[in-house]
Each structure stands twice: as C-alpha cells, then as structure tokens.
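K.L.:
The structure that follows is given in the form of structure tokens.
Here's what the structure looks like:
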C-alpha cells in the first residue's frame, strides 16, 4: 500500500472513476493532484477523504491543485502565501510530515524567488509533489530546459533530495514520446524512508501516477474498529450461545456477574454475527459491470501493445479502445443511476429510503481528524490527539472551573452526609418486574454499543430465560446498592463543531457511548424517577424539557403570547435570553443528590443515582486509537438515559427565583425571562432584580452564565425613539439585539417574523436540491416516494413552529409558497406553468395556509387536553377582549386566533378528553389479560358456523359467568355504542368526531361502570375489537385516555371481589349477543355526555379541512384538471417516472408544446387543421385530424378525457400519442 500518491489528472471532474481506481489499488493516506481544472463554484466529495483545493484564477477551467487526505489520518491545512499553484497540509502517518501539491505550467514564467519562498513556508520535514514541467538529466530526461535548471537550483539552495531516478511520468501524444516531468522532492531527513514507483497505467490522463511508500511501515492502512453486520446475523444461534444462567448472575460478585454476562454475549456475537471487513478507504463504483471490465481489458491490452511498439497505428488502436471504454462507462453510469433512483418506491421502508436518499445526495458525516495545536506545540499522533481532547473534556468538568465563591459554598455544604436509607417500604424501590423490563426494551432506539460492544439488538434477541436472568442481575444491583465498575466507563467520539477551529481540542463535541446493558437499567429507573417527580409536582410548570405532552412549542407560545399582549396594550416587553456555559458538564453532582434528598426520595432509587454519579471515567477514540482513562469529576454523564432528568432536577430551581412581575420559561438549559410594562424604568428595575436573583442562585448551585452569549431583545411597536434598558449580568452589560434565534425560531423586535421566514426559505430552497437530484422528466423516483421525502425533509421544516410564526402578515407568509409549489412540481413532474390549485389537488397536498391552520388547531386541542399545561385555562381578561376588538390592526395572540378559526369551522362546542394525570406507576404490574378461543382460526378462511360452535363450547366452560356484550358503530354522520346485559340494554350516541376505537372502548368502560354498581359476581365481557383488548394489555404511554380509566375500574372490581374476564369474539359471524349489540349500537339515539379524545379531534379537523378544500375545488369548474379529477384524493402513480410525468401533464392540461409560449412570451400554438388554440383536450378528443388513430387505438372516435387519462388511464393512450407525434412534445 502507498502512503502517498501524486497525479496530474488533467480535469478531476471527468476522472472521478479513475481516481477511485487509484484509491482502491493503493489506499493512500494522501493524494496530491494537479490540473484539477476546477472553477470557483466547483465542489467535489470523495468518500473517506477530506478535499483541500486551490483553483487557478482564469476565465476558463484550467490548472489548479488539490490534496485529498484520508479522514482517519490526523491532518491540518497550511496557509501558504504564494502566487504559485500550490496547496499544503501537515499529516501524521508514522510521523508528522508536510505534503505540498504543486503545479508549474509549462508556458508560464516562474520566478525563482517564488519557489524559494514556498519552500521557506513548508515546515520540516516535507515532500513536494507535482508536475514541475522541468527537464533535467538528474531525474532521467534526455535534455534540459530552463525550468529544469530552476529546479536544480532549488535542490542545491535548500539541500533537498529528489526521489525520482529515470522513471518516465508523462506521455506526449503528438510526438508519441515519454518524459520525466512529475517529481517528488523531499527533505533529507525523510529521504531514506520513502520509495517511489510509477503506475503502469495513465488512468485516462497523460500523466502516470507517482506512488510513494513509507518503508518504515510497508503495510500502512487505516484500522477502523470492527462492527457487527446485524442484517446477516444468525439470531437463533446467538440466542442459543448467549445463555445467561442463574448461576452466572447470582453466585458471584456483581462485577464478576456483569463481566460474565458481557463475555458470554460477546462470544455468542462473534460466533453468530459476521463483522464488517475493514475496507479502509475503498471507493464504491456501483455502475461497474462486465461490459466495463471487458472494455477496460481491451484498453489496457491496446496500451500494453503501444508501450512495446509505439507506432502510429498502435496509438490509434489505443485511442479507439480508450474512447470505447469511456463510452461504455458513461452508459453504465447513467443506467446504474437511473436504476438506483427508480428503486425508491412507495413500498420502500423509511430506513432504506433515507439510506438511498443520503447516498444519492452524497451526504456523509465528516469526521476527519485534525492535527491539534496546544500551548504552542503541534500534536499529530492519534494517541496524543485522543489524550489531548480527553484532557480538555476532563478539564471542562473539573471543579476548578467553579468560581471561588461557589467552591467555598460547595465545600461547606458537602460536609453534610446525605442519608438516603429508609426503613419503611416505598413502592418505587420495589424490584423490577419482567413486564417493566420488556416494556422498556421495546421502546429503545437503535444506538451504538458502548465499551462492552453489546447493542440493544443483542439484548432483544436473547431468550426469555436469559432476559429473566439479566433482570435478576438488575435487581441485585438495585438491592445491593452497588454500581458495576464496567458501567462507569464511556467511549467518546469527538465531532468537530460547525464553524470551529479544528486544531483547537475544545472545538469538538463529545458523543459518549455507554453500555446498552446499563442504559436499559437506567431507562427503567428513569421511568420511576419521572413518575415520582411528576406525581408530586416537583418540576416547575414552566419547565418544558423532555416532559410528556410538552415541547419547545410551549416556550415559543409563551413568548409570542406575552409579546402580542404587550403590543395590544401598547407596552414594552423586554426579554433576556440566557446562555449557560457548559451546563451539562459542570452540573453540581452533590447538588443533584441534595435536591433528591429535599424531595424526600429515599431507598434504592437515590442510592443508585448516588453510585451512578461516582467515579465516572472515559476514553476518547480517534480512529482506532483510544486515549488513556480520564475522570469526569462533575457534571452529568454524557450519553446516559438518566442524565437529562438529573439535569432538569438541578436546573429546575432557577424558575423559583423570579419575582411575580417577571415571567420565565425553561427548556432544559434554554432559559428566557420577560417583563412587560409601560415605563422602561420599571421594567429595567424588575428585570434587573430577576437577573440578580438568578445570579445569586447560580452562585450557590455552580452554574455560570455566558456574559457574551446572553442577549436581550426590546420588543416594542411604538413609533417614538425608545432607548434599550441597561441591564447587567455579573457586572457586564447585556447586549440588546434586533432579532434573536430562540429554540429554532427567529424573533425580531417588531415580531414580524420576516427574518425567520427569510432564513427558513433559504434553508428549504437548499433542501430542494435533493428533490432535483431524485426527479427527472424521463426517470427518477416515483411520486409517492418523492412526496414522502418532501414532507420529511422540507415540509417538516416549514411545519415547525408554524402555529407561532403563522401570526405573521399574509404578505410575509406568502414568501414560503414558492418553495411549496416548486416541490410539488418536482414531485409530480408537472410543467412549470401548471396552475397552483391543480398542483395542490393532483399531489393531494393542501396550500400552506390550510396546513398551518390545521396544525395550529392540533396544537390548540393538545393544550386543551393537558390539564397541567401552563396555558390550559388561558383566557383574556374582559378588558383585553374589548381592547382587542377595538384595535383590529393588532395581530391577536394565539388563543384568540384559534377561537376565530373554531367559530369559523363550527368547532367551538367540542370538549376535549383530558389526558390522565396519574397513569399506572411503572412498577405496577398490569394484570389485565383476555381470552381468545378463536386465535388459531383465520376469519377469511373460517365459516360462521365454525365460529358459532367454538363460541358455544367456550360458553359451556364459563356458564357460571354473566355475559356482557359490547360493540361500537361508526357511520358517516353518527358514532355510537351499545352494552348488552342479560336483562338490560344500554346504547348511546357519541360526538360524530369520535372514532370507532373510541366507541368500542367507551362501551367497555360503560360495561365496567355498570358492573361496579352491582353486587360482586363473575362476569365475562365480550368485545369484538381486538385492538381495544391489545391496547389494554400493552398499556403504552401514549395510549387512548380511557385505557387507564378502564384499568383503574378493573382494579377496583378485582379488589371488591368481582371476577372479571374479557374475551375477544369475531364480529358479524352470527353470535347472538354480538349481533344484538351491533343492532343496538346502530339504533342508538340518546346522546352520551362525553368528551372527545384529542387524537379523534385531530382526525376530525383534518377531514373537515379536507371537506372545505373539496368545496373550494368544486367551484373550480374552469380548471382543466377538475374535469378529470373532481374529487380531492390520492391517485396511484406509475412506477415508470417518464410515463407518470407525461400522464401528470396530460391530466393537468399543461405541456411543453401547449404552454411553452407563456415562458417565452410567444403567441399560443394553433391547430392548422381547426384554426383554434391547441390544447391537450383538443389533441386527445376533439381534433378530427386524429380520428383515424382514435378509431384504431380506442375503437371509437368519441372519447372523453376521464376515459383516457382518468383514475385508470387507457392502456393505449401512449401508443396513440406516439402515433400522432405528440408524445415527445409533452
């Protein structure tokens, strides 16, 4: 393998395939390229390599140099002050060396001083690689020129060595001669270590690549950590080998048990799961096929003949073979790309979809390693780089970063020993159940393994016996108050922060990988901790971070509402946005434990957290090198499940420091405080008081605010000049800005949201490029896949916060419409002149204002369903309502806007079902189960009589139980349910917006409530909705709100001595009780006084918006698409992109032939036969000139547009279009 390669590529963009071949052959650490022919706007990406390039300033693409440096090699670019075409970088292979790529054009006068100054700028030792265009006998030329003399002088003046001998590096085609003009010059200190060789192939250039091998390490190659290929795993074998036994987890110390479990799982994985081969820097060429291989062999053979016999005929034969290979390669590249993109279809899974999209867009995570500069020294070896970054991270969490005042306070407070022991039984300290274990394991996401190399997928594929024994180990750790030593470790992957200096070790963001075995236990403990905090209301109601049914939108809503109300009252509002320095890394650990102690948390839970926070250590991984172990003295452990909750506990107290006149909201560590008033002096005094309180609190809790990043905004719409307040933080004046980015939304001082809309549009327009890559009028991904990509990558960006920035003026919001329209055109393939309304209907995607309205209503009802939300009961005071009605020019706050929409859509009478505040505790085992005597019978394949017989046998076993039948019914205008007891029938209507699931589950709730009013006995409740029974059994956190109500009633019934069984029965198979319940539900007329779950309301709102959209579309009678698609709905598309695009344009009625004149400013085309304007309708069904072809392909001359291009297009329509010559003009 070569350490270095130098090659004059004569135009890199057309030589990418050849460059990949060179990389795959030599796997070099660095490649020096000359004559890249890049323009200023050109950009290129090469997998596994960072690209540094310097373009030649010229009117056309010419000259230019580049360096490709492997990302797993520590490197740092050098800034050269030279007019020469040169670029340099320092890299560390065996030692630190400087590589410079240089191109000296043959027809350009080179000053010797410039060459000398270049050498002076290259740190020793260095290698100078490039095309010098100099001839000298020293390196094997038969003659000499002035450039050769200059180079000889350079070698002499600087005591440099040349690695070339007599190798020929350049082929001059006109004269059919070979020359030596590509050189490798180096410092004397490294001359003995490098061997130079010349590649035998030109690789479609006229220069041979030079390869330099470092003989100190002839087998140099990247050594990336191995990884398992889970897609090829033999999970049956793994489960059999990874047998975790009771003896393994109970008959030894906890550390030994953890080690034994880790070892047996790793051994099983090594045997049952293949590992990815270390492909190093291999470049993929997916288009390479047998035709390319044979063409390349013919080219190589022709070149070999010419090298031996350099005649004109042999040169012509070589050129012909090379041209043929290039032609075959281009054809293969295009065919491969088309096939690849065409595999993105509606049936492609989301995971595979994004893999394909990222590959198609060339997206890759850049994790190149830079040489570091620390205290004036250059650090280049991976081990030292890892240690340097680890040392920086360790210093960040060191207690010496705290202020002197806090250190004194810390020292005094920590003298008190916190006693978490408890003699009383506390339920949150009970053993973990297997149900709790399975519930947490089912919700884990794909995550990289930690130091033990065990992933969640391995744990999920253990046998139930092994999982049960793993749970025994967890309970030992829980009860014996010991945290395993192996789990105190973490491996950190440093990622460079955007826009930061790569040579500074503090510029890297740590991504911590901890043990998945530990994180699973943390997940169970975290659920209990969060339940304890929420049920006891320990977390401030204005803290939104990582809480159920809360989000960043809550904080954005609070800020926007306060600003709108201040504007309405013609007041000022001053908001301060705080930045906490290294918030996670410097969180005071004892302070967390002290808060838990003050919360009266005792026993296993706080003791585990106490041990969890002790002696945390980590290693930094750079490439394959691991740093030494370093200690994280303070702060919450990175990458841990518990860390976010523990941080929220510690930061929570900051909101209690605010005076009642100052509001504050917190999302994890994003804090803002605001105060509104008429007089600036009063506001300044109140805000300063709040900041002083916060500062005093932070001094006692170890947090430090950044005085440079903390900023304020003075929100005001008054026209007179108003000075910003002077507010200080820790003795520094807080700067006031005109706009600020807060939780992803840009707030400007007038709250126009214009800066945010402009920024958002710019981001979305860049994201449109992926759609352009995947779309084409002749090939590409199908329309459903394109729409999925659009909704995920672009529309989601515009959706975020739209209920907040949607209050902007209509003229401002319309700036986002072109992005929406362009995306729909790209997805559908519609012509550029297609009407906007046609695009909406064809893609079944509403206008942006309709979508914003719908999402705003969803958010409004979500707040209404959460009784703990700070704005759950928000209402304007009567005086503010009057003021709002009087000042129509002022934009009302969110809730006033929503009330107007509710009235407009007739939704103001809907009551939302509140989300249950006290759900089942995590440690409580759900005893619910149901009978299913029909589980082995498939309904489509089973006769009704079989079901009736099975049910009869079932009833004979439970003849002593009172049967209760429930059923729900849903029609266009009515939702209802029924409950059938032996002597009673209960049937009621629900709100029409309720779903069938709500009807079914309400029936079950009504049945249990009725049983609760009776004397204890045995009942069996027959339910024909399997989804209801499964939901009751699984009890997911975001389940239907009645799930927990039913389970609560079920527990009460069991406690009172009732025996309650549930049984699933198939519907509509002739079971008498079920048929009776079905009939009663459909006949229900009495309104049941109940609320509507928020998910049902969301669906109802979506359907209502769709219905209104349909009404608007019904009025578009002049629209060409309306005659073909009168209903707004999704239509299936062709898998063939070209045909789908053609069909789209025919349906919409806008094609290149009929509507190109609108773009060119020309007159519309006319039919020469009929003397009328040419249209799609005229060509397809009206023009008599094509009657003969219509008769041939459609068997009639009287056809309609819906019959030809409607929901099911005519199978001969494209043949017809080809026959009349219109097909290529669409």
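Residue numbers (the numbering used here): 6 to 1231.
All C-beta atoms, glycine included, are put in the ideal place defined by N, C-alpha and C.
Along the chain, where does the beta strand (DSSP E) that runs through residue 1065 open and close?
P.N.:
Per DSSP, residue 1065 belongs to the beta strand (DSSP E) from 1064 to 1069.
K.L.:
Exposed or buried, which one is residue 43 when buried takes at least 16 other CB atoms within 10 Å?
P.N.:
buried
K.L.:
Please list, in chain order, all residues of the same chain as residue 250 whose beta carbon is under 7 Å from its beta carbon, the five residues on each side excluded.
P.N.:
474
K.L.:
Leaving out five residues on either side along the sequence, give the residues of the same chain with a beta carbon under 7 Å from the beta carbon of residue 127.
P.N.:
93, 103 and 105
K.L.:
In chain order, which continuous runs of the alpha helix (DSSP H) of length 4 or greater are located wholly inside the stretch 681 to 752?
P.N.:
685 to 706
K.L.:
Could you pull out every residue in the same chain whose Cβ sits closer than 6 Å to the Cβ of residue 418, ignoring the five residues on either side in sequence?
P.N.:
none
K.L.:
The alpha helix (DSSP H) with residue 951 in it runs from where to where?
P.N.:
949 to 962
K.L.:
Candidates 838, 1051 and 589: which alpha carbon is nearest residue 931's?
P.N.:
1051
K.L.:
Can you tell me whether DSSP reads residue 643 as helix, strand or coil?
P.N.:
Of the three classes helix, strand and coil, the one that applies to residue 643 here is coil, per DSSP.
K.L.:
Is the separation between the beta-carbon of residue 1025 and that of residue 966 shorter than 7 Å?
P.N.:
yes
K.L.:
With DSSP as the reference, please indicate the residues paired to residue 377 in a beta bridge.
P.N.:
384
K.L.:
I believe residue 1079 touches residue 1029 by the beta-carbon criterion, under 8 Å. Please report the beta-carbon distance rounded to the nearest angstrom.
P.N.:
6 Å
K.L.:
Per DSSP, what are the beta-bridge partners of residue 90 in this structure?
P.N.:
DSSP, once it has assigned bridges, lists 108 as partnering residue 90.
K.L.:
With DSSP run on the structure shown, which of helix, strand or coil describes residue 795?
P.N.:
helix
K.L.:
So with Cβ pairs under 7 Å, would you call residue 85 a contact of chain D?
P.N.:
Of the chains in the structure shown, none is chain D; there is only one protein chain.
K.L.:
Once the 5 residues before and after residue 642 are set aside, which same chain residues still bring their CB inside 6 Å of it?
P.N.:
Here residue 642 has 621 and 648 as same chain residues with Cβ atoms under 6 Å from its own Cβ, once five neighbours each way along the sequence are excluded.
K.L.:
Exposed or buried, what is residue 1231 when buried is set at 16 or more other beta-carbons lying within 10 Å of its beta-carbon?
P.N.:
buried
K.L.:
How would you write the range of the alpha helix (DSSP H) that residue 891 sits in, first residue to last?
P.N.:
883 to 891 is the span of the alpha helix (DSSP H), which, as asked, contains residue 891.
K.L.:
Could you tell me which residues DSSP puts in a beta bridge with residue 1248?
P.N.:
Given that the chain is displayed from residue 6 to residue 1231, the structure contains no residue 1248 and the question cannot be resolved.
K.L.:
Work out the CA separation of residue 557 and residue 1006 for me, nearest whole Å.
P.N.:
32 Å
K.L.:
Below 6 Å CB to CB, which residues in the same chain sit around residue 908 once its five sequence neighbours on both sides are set aside?
P.N.:
none
K.L.:
Apart from the five residues on each side of it in sequence, which residues of its chain come closer than 7 Å, Cβ to Cβ, to residue 338?
P.N.:
292
K.L.:
Put residue 675 into one of helix, strand or coil per three-state DSSP.
P.N.:
Residue 675: strand per DSSP, three-state reduction.
K.L.:
Leaving out the 5 sequence neighbours to the left and right, which residues in its chain are closer than 6 Å to residue 70 when beta-carbon positions are compared?
P.N.:
39, 59, 90, 92, 106 and 108
K.L.:
Using 8 Å as the Cβ pair cut-off and three pairs as the minimum, do the stretch 582 to 600 and the stretch 674 to 683 touch?
P.N.:
yes
K.L.:
Would DSSP call residue 211 helix, strand or coil?
P.N.:
Coil.
K.L.:
Going by DSSP in three states, residue 585 sits in which element: helix, strand or coil?
P.N.:
Three-state DSSP puts residue 585 in a strand.
K.L.:
Considering only DSSP beta bridges, list what residue 102 is partnered with.
P.N.:
96
K.L.:
Using CA coordinates, which residue listed in 976, 46, 56 and 1154 is at the minimum distance from residue 837?
P.N.:
1154
K.L.:
Judging by CA-CA distance, which residue of 637, 297, 342 and 945 is the nearest neighbour of residue 333?
P.N.:
Residue 333 has its Cα closest to that of 297, out of 637, 297, 342 and 945.
K.L.:
On a CA-only basis, which of 710, 198, 730 and 725 is nearest residue 719? Give me that one, please.
P.N.:
When only C-alpha atoms are compared, the closest one is 730.
K.L.:
DSSP three-state call for residue 307: helix, strand or coil?
P.N.:
helix
K.L.:
In this structure, how does DSSP classify residue 396 when only helix, strand and coil are distinguished?
P.N.:
Of the three classes helix, strand and coil, the one that applies to residue 396 here is helix, per DSSP.
K.L.:
Roughly how many angstroms lie between the CA atoms of residue 110 and residue 318, to the nearest whole one?
P.N.:
31 Å
K.L.:
CA-CA distance, residue 925 and residue 439?
P.N.:
When the Cα atoms are used, residue 925 and residue 439 turn out to be separated by approximately 16 Å.
K.L.:
With a Cβ-Cβ cutoff of 7 Å, do residue 693 and residue 745 count as a contact?
P.N.:
no
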